[in-house]
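First comes the structure, then the notes that go with it.
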Amino acid sequence: MYKKINFKKYSSINIGEEYEVKVINEIQEYKGYYIIGRGNNILISNNPPPLAILSDNFDYIFKKNGKLIVGAATSSGKLLTYCKKHNIANFEFLAKLPGNIGGLTKMNAGLKEWEIFNQINSIKTSNGIIKKENIIYSYRKAEIDTIIFEVIFNIENGFDIKKQKSFVEMRDNQPNMPSAGSCFKNPKEYSAGYLIEQVGLKGYSIGDMSFSKIHANFLVNTNNGTFNEAIKLINLAKEKVKKQFNIELELEIITL
Ligand SMILES: Cc1cc2nc3c(=O)[nH]c(=O)nc-3n(C[C@H](O)[C@H](O)[C@H](O)COP(=O)(O)OP(=O)(O)OC[C@H]3O[C@@H](n4cnc5c(N)ncnc54)[C@H](O)[C@@H]3O)c2cc1C
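Under this note's numbering, the very last position in the sequence shown is 1647; numbers go up by exactly one each time.
Right, dumping it as structure tokens:
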């Protein structure tokens, strides 16, 4: 089964055309497809690879044998609400962190020292369960080359509402405009936002795409921004930062 998705509406950065996307209902290997989640971290070109998405069959949460079993199509907000209701700790960082559990796991999404891999026990793929110990992961990255259908989390008690509030406050400096979150990963030495500001690109626009005036590492769509405008800005920032600081900025956003 396929469905048409208009990426201008679907993606958080409001870029893209309408494409046919394969809807996955069962656990199997799907060679030749690029899996997407909620489109909060992708920048889609006019010529993307064949795309696939998980159906609602993978939208579920339950407890089993002291573990939390979560379908990869479950949203971060739903998991956060579940943890609050069942007094489960360490998922507070999901507050206002948009995405599905599959996307969050592949990106090892998080904020500061809190990241989703802290809580992961294992993942389910078409090759069976893979334990966390056998997955290589680091800041905003997990080396998983296959579709994640389910994520199994360790459980600790004690949801902390104060912590949740402080995570929401940490987002006060994020622009309230269409974006795909942080554009570049933070290099070791400086934050990417600082570097973009230092090379004079904070608030700089090409067409309708711009490095936000509020937070320079947010590439925002001010109206009808395009993939090409976004790429031009990305390349400009990379060039200028390389020249001035000799640092290679690495994209956090995924271009398709
Ligand atoms: C306003 C805003 C704020 C954000 N803040 C943060 C933040 O604080 N911290 C942070 O880490 N990120 C942040 N992000 C980025 C984004 O929320 C995360 O990267 C999130 O994990 C993306 O999830 P998604 O479902 O939208 O994935 P998508 O954007 O659809 O896909 C992202 C990647 O995950 C892969 N993927 C998706 N589903 C699966 C699956 N089932 N199996 C295997 N691979 C899969 C895709 O192939 C792609 O490589 C922010 C984004 C926005 C728009």
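Every residue, glycine too, gets a C-beta built ideally from N, C-alpha and C.
Taking 7 Å as the cut-off, is the CB of Ala-1571 close to at least one heavy atom of ligand 1?
Distances between the C-beta of Ala-1571 and the heavy atoms of ligand 1 include at least one below 7 Å.
Going by alpha carbons, who is nearest to Arg-1562 out of Lys-1579, Gly-1549, Lys-1532 and Lys-1503?
Closest in alpha carbon position to Arg-1562, among Lys-1579, Gly-1549, Lys-1532 and Lys-1503, is Lys-1503.
Under the criterion of a Cβ to heavy atom distance below 7 Å, does Leu-1495 qualify as lining ligand 1?
Yes, since a heavy atom of ligand 1 falls inside the 7 Å radius drawn around the Cβ of Leu-1495.
Quick one: does the C-beta of Ile-1649 sit closer than 7 Å to a heavy atom of ligand 1?
Residue coverage of the chain in this structure runs from 1392 to 1647, which leaves residue 1649 outside it and unanswerable.
Would you tell me roughly how many angstroms separate the C-alpha atoms of Ser-1513 and Ile-1539, rounded to the nearest one?
The alpha-carbon atoms of Ser-1513 and Ile-1539 are separated by roughly 10 Å.
Kindly indicate which three-state DSSP category Lys-1631 falls into: helix, strand or coil?
Assignment of Lys-1631 by DSSP, reduced to helix, strand and coil, places it in the helix class.
Can you tell me the Cα-Cα spacing of Leu-1445 and Leu-1495, whole angstroms?
Distance between the alpha carbons of Leu-1445 and Leu-1495: 14 Å.
From His-1606, Lys-1413 and Gln-1555, pick the residue whose C-alpha is nearest to that of Gly-1428; which is it?
Out of His-1606, Lys-1413 and Gln-1555, the CA that lies nearest to the CA of Gly-1428 is found in Lys-1413.
Cβ of Gly-1501 versus every heavy atom of ligand 1: is any distance shorter than 7 Å?
The answer is yes for Gly-1501.
With C-beta atoms as the reference, is Leu-1610 less than 8 Å away from Leu-1624?
Cβ atoms of Leu-1610 and Leu-1624: closer than 8 Å.
Can you tell me whether Ser-1557 is buried or exposed, with buried defined as 16 or more other CB within 10 angstroms of its CB?
Exposed, since its Cβ has fewer than 16 Cβ neighbours within 10 Å.
Three-state secondary structure (DSSP) at Phe-1453?
In the structure shown, the three-state DSSP call for Phe-1453 is strand.
Cβ of Asn-1612 versus every heavy atom of ligand 1: is any distance shorter than 7 Å?
In terms of side-chain proximity, the C-beta atom of Asn-1612 is found no nearer than 7 Å to any non-hydrogen atom of ligand 1.
Note down the Cα distance separating Ile-1396 from Asn-1612, rounded to an integer number of angstroms.
Their Cα atoms are separated by approximately 19 Å.
Distance between Asp-1450 and Asn-1548 (C-alpha atoms, nearest Å)
Going from the Cα of Asn-1548 to the Cα of Asp-1450 covers about 23 Å.
Does the distance from the CB of Pro-1440 to the CB of Leu-1647 come in under 8 Å?
Going by C-beta atoms, Pro-1440 is nearer than 8 Å to Leu-1647.
In whole angstroms, what separates the C-alpha of Arg-1531 from that of Met-1392?
Looking at the two C-alpha atoms, the distance is approximately 31 Å.
Nearest by alpha-carbon distance to Ser-1517: which of Tyr-1528, Glu-1408 and Val-1542 is it?
It is Val-1542 whose Cα lies nearest to the Cα of Ser-1517.
Please check if any C-beta of chain B sits within less than 8 Å of the C-beta of Tyr-1424.
Considering every chain present, this structure includes no chain B. It has just one protein chain.
Can you name the residues that DSSP bridges to Met-1600?
The partner list for Met-1600 (beta bridge, DSSP) reads Ile-1597 and Asn-1612.
Quick one: what's got a C-beta closer than 7 Å to Asp-1551's C-beta in the same chain, skipping five residues either side?
Taking Asp-1551 as the centre and dropping the five residues before and after it, the same chain places the C-beta of Ala-1480 and Glu-1483 closer than 7 Å to its C-beta, in chain order.
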